[in-house]
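What follows is a single structure, written as structure tokens, with notes after it.
Protein chains in written order, with this note's numbering: chain A, 137 to 360; chain B, 12 to 246.
In structure tokens, the structure reads:
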């Protein structure tokens, strides 16, 4: 295995996700790494962000002095509204999610299975979890992109043949972005789209708990 | 015309009894009706079932209500935030019961109650731990869970402006659960920053019509942008 320094940073993972968001998409962002995605959307590409607490058109953090405690994100951070944005109440916000109006949700995960099962709301050793809007959004979005580290701190694979963690939504993940690779979930299993510079397809396979189709693997081009 | 304005906080919450089920507006620290909650605390009510997205922030609002032992059960989507340490303390010592509900399901269960429906089918939580004990249905090849209405005795919510008929508008993301909770309770009590005259709210933009509001208390204008929370906003 290549050195740890070849792995992508959180910002580089977010940039990989941002590059795949398309013009006119409405995108929901989970808490954590997904919140880094908006700043990497290519200039001129019109992508709208949805926040589960009723914001369509979430903008960046406010300038100093412009903070408004009535305008927060799902992660409870202060945000702004982009021109043409709108406020809705919670049932409309989740109608957007369940009703198929989210082109994409970008979410963190503890574990993803080869069939697209998403596990991100509770650890197996916990008796309870904070589900928030994760189950509704994962069940309803047209595409679910997962951002996470490729393995646990102990080096165990987080991408597995069959899930062992509590399920959030079954068969929903379409693409996985990690510090090692970008992987698509296809009806035939997992396909390695690209790996971090300096890593081989075999490095990625060795850290993955399910077989990867490596026939079309490219190398991720990292800016800077 | 019935006067829905409560002149004191005591008058506003006078109808709440021990053991009541209360819908509590707010998401994180935003739109939490802290004046009303503090008055419920001061009345020393017991055995309440509270429905709230979060489990309280630091020491104020719902956190205070829980900390003073008023709440027997919490229905919640996101209980384990670090700022909800008072809830965790009571939960860990078996002093409070918890029901976890996915956020969209929570919102729709209240809307369903308000709309006079007997339940709804949702794809959310199919195949998960939270599907336990729920009936499953397959419609056009897709699996759904049956979810039942969530009705309550009382809703305590916060809005930006009210007129004497109880028509409400909200402010930015502080709208969140307010309009839905107002529909789902027998008796809805609102704290508002500002009261305006009948006719001052544009009928095209009224979010909650007064038919869903029973009483409101005017907290007075707050500095816009501070969240209007008496205990220091969202932080």
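A virtual CB, placed ideally from N, CA and C, is assigned to each residue, including glycine.
Please name the residues in the stretch 166-189 of chain B whose beta-carbon is closer than 8 Å to at least one beta-carbon of chain A, in chain order.
181, 182, 183, 184, 185, 186, 187, 188 and 189
For residue 191 of chain B, collect the residues of the same chain with a Cβ closer than 8 Å to its Cβ; drop the 5 residues on either side in sequence, then sort them by chain order.
118, 121, 122 and 125
Which residues in chain A have a C-beta closer than 8 Å to the C-beta of residue 141 of chain B? List them in chain order.
267 and 271
Under a three-way DSSP split, which group does residue 22 of chain B fall into?
helix
Nearest neighbour of residue 153 of chain A, chosen from A/223, A/143, A/177 and A/145 [CA to CA]
Its Cα nearest to that of residue 153 of chain A, the residue A/177 stands out among A/223, A/143, A/177 and A/145.
Give me the residue from B/205, B/78 and B/128 with the minimum Cα distance to residue 59 of chain B.
B/78
If you check the beta carbons only, do residue 132 of chain B and residue 142 of chain B fall under 7 Å apart?
no
If we ignore side chains and look at the alpha-carbon of each, how far apart do residue 137 of chain A and residue 344 of chain A end up?
With a pLDDT of 49 at residue 137 of chain A, under the threshold of 50, the modelled position of this residue cannot be trusted; read the value that follows with caution. Each residue's alpha carbon lies about 13 Å from the other.
contact_flag[the stretch 25-42 of chain B, the stretch 179-195 of chain B] where n(CB pairs < 8 Å) is 3 or more:
The stretch 25-42 of chain B vs the stretch 179-195 of chain B: in contact.
Please report how far the alpha carbon of residue 222 of chain A lies from the alpha carbon of residue 218 of chain B, in whole angstroms.
13 Å
Alpha carbon to alpha carbon, how far is residue 55 of chain B from residue 175 of chain A? Give it in angstroms, no decimals.
48 Å
Straight-line CA distance for residue 86 of chain B to residue 291 of chain A?
37 Å
Same chain, Cβ closer than 7 Å to residue 143 of chain A, neighbours up to 5 away in sequence not counted:
315, 316 and 332
Separation of residue 276 of chain A from residue 235 of chain A, as counted between CA atoms:
The alpha-carbon atoms of residue 235 of chain A and residue 276 of chain A are separated by roughly 6 Å.
What is the DSSP secondary structure of residue 241 of chain A, reduced to helix, strand or coil?
Three-state result, residue 241 of chain A: strand.
Which value, in whole angstroms, describes the spacing of the CA atoms of residue 227 of chain B and residue 202 of chain B?
6 Å
Which residues of chain B have a Cβ atom closer than 8 Å to the Cβ of residue 223 of chain A, listed in chain order?
181, 183, 184 and 186
What do you reckon, are the CB atoms on residue 254 of chain A and residue 308 of chain A nearer than 7 Å?
yes
Does chain B have any CB closer than 7 Å to the CB of residue 183 of chain A?
No, residue 183 of chain A lies away from the interface with chain B (no Cβ there is under 7 Å from its Cβ).
If we count the other Cβ atoms within 10 Å of its Cβ and call it buried at 16 or more, is residue 177 of chain B buried or exposed?
buried
Cβ-based contacts, 9 Å cut-off: residues of the stretch 285-306 of chain A near chain B
302, 303, 304, 305 and 306
Are residue 165 of chain B and residue 33 of chain B touching if we call contact CB-CB under 7 Å?
yes
Span separating the alpha-carbon of residue 233 of chain A from that of residue 209 of chain A
16 Å
Classify residue 221 of chain B as helix, strand or coil using the three-state DSSP reduction.
If DSSP states are grouped into helix, strand and coil, residue 221 of chain B belongs with the helices.
Would you call the CB atoms of residue 198 of chain A and residue 213 of chain A closer than 7 Å?
No, Cβ-Cβ distance for residue 198 of chain A and residue 213 of chain A is not below 7 Å.
Given that a residue counts as buried once 16 or more other Cβ atoms are within 10 Å of its Cβ, and exposed if not, what is residue 225 of chain B?
buried
Does the Cβ of residue 150 of chain B have 16 or more other Cβ atoms within 10 Å, making it buried, or fewer, making it exposed?
exposed
Residues bridged to residue 114 of chain B [DSSP beta-bridge criterion]
In DSSP, residue 114 of chain B forms no bridge with anything.
Within 10 angstroms of the Cβ of residue 70 of chain B, are there 16 or more other Cβ atoms? Answer buried if so, exposed if not.
Residue 70 of chain B comes out exposed.
Would you mind telling me which residues of chain A sit closer than 8 Å to residue 134 of chain B, beta carbon to beta carbon, in chain order?
Taking a Cβ-Cβ cut-off of 8 Å, the neighbours of residue 134 of chain B in chain A comprise 234, 275 and 276, given in sequence order.
Cβ neighbours of residue 204 of chain A in the same chain (closer than 6 Å, five flanking residues each side left out):
Within the same chain, residue 204 of chain A has no close Cβ partners at all.
With respect to the alpha helix (DSSP H) encompassing residue 81 of chain B, which residues constitute its N-terminal and C-terminal limits?
Taken as a continuous stretch (DSSP letters only), residue 81 of chain B belongs to no alpha helix (DSSP H), as it is neither H nor E.
Relative to the C-alpha of residue 266 of chain A, which candidate in B/161, B/145, B/64 and B/211 has its C-alpha closest?
The residue with the shortest Cα to Cα distance from residue 266 of chain A is B/64.
Output, in chain order, the set of chain A residues within a Cβ distance shorter than 8 Å of residue 85 of chain B.
Under the 8 Å cutoff, chain A gives no residues; its nearest Cβ is about 12 Å from residue 85 of chain B.
Segment limits, beta strand (DSSP E) that includes residue 189 of chain B
No beta strand (DSSP E) holds residue 189 of chain B; the alpha helix (DSSP H) holding it covers 189-195.
The stretch 29-50 of chain B: which residues have C-beta closer than 9 Å to a C-beta of chain A, in chain order?
38, 39, 40, 41 and 42
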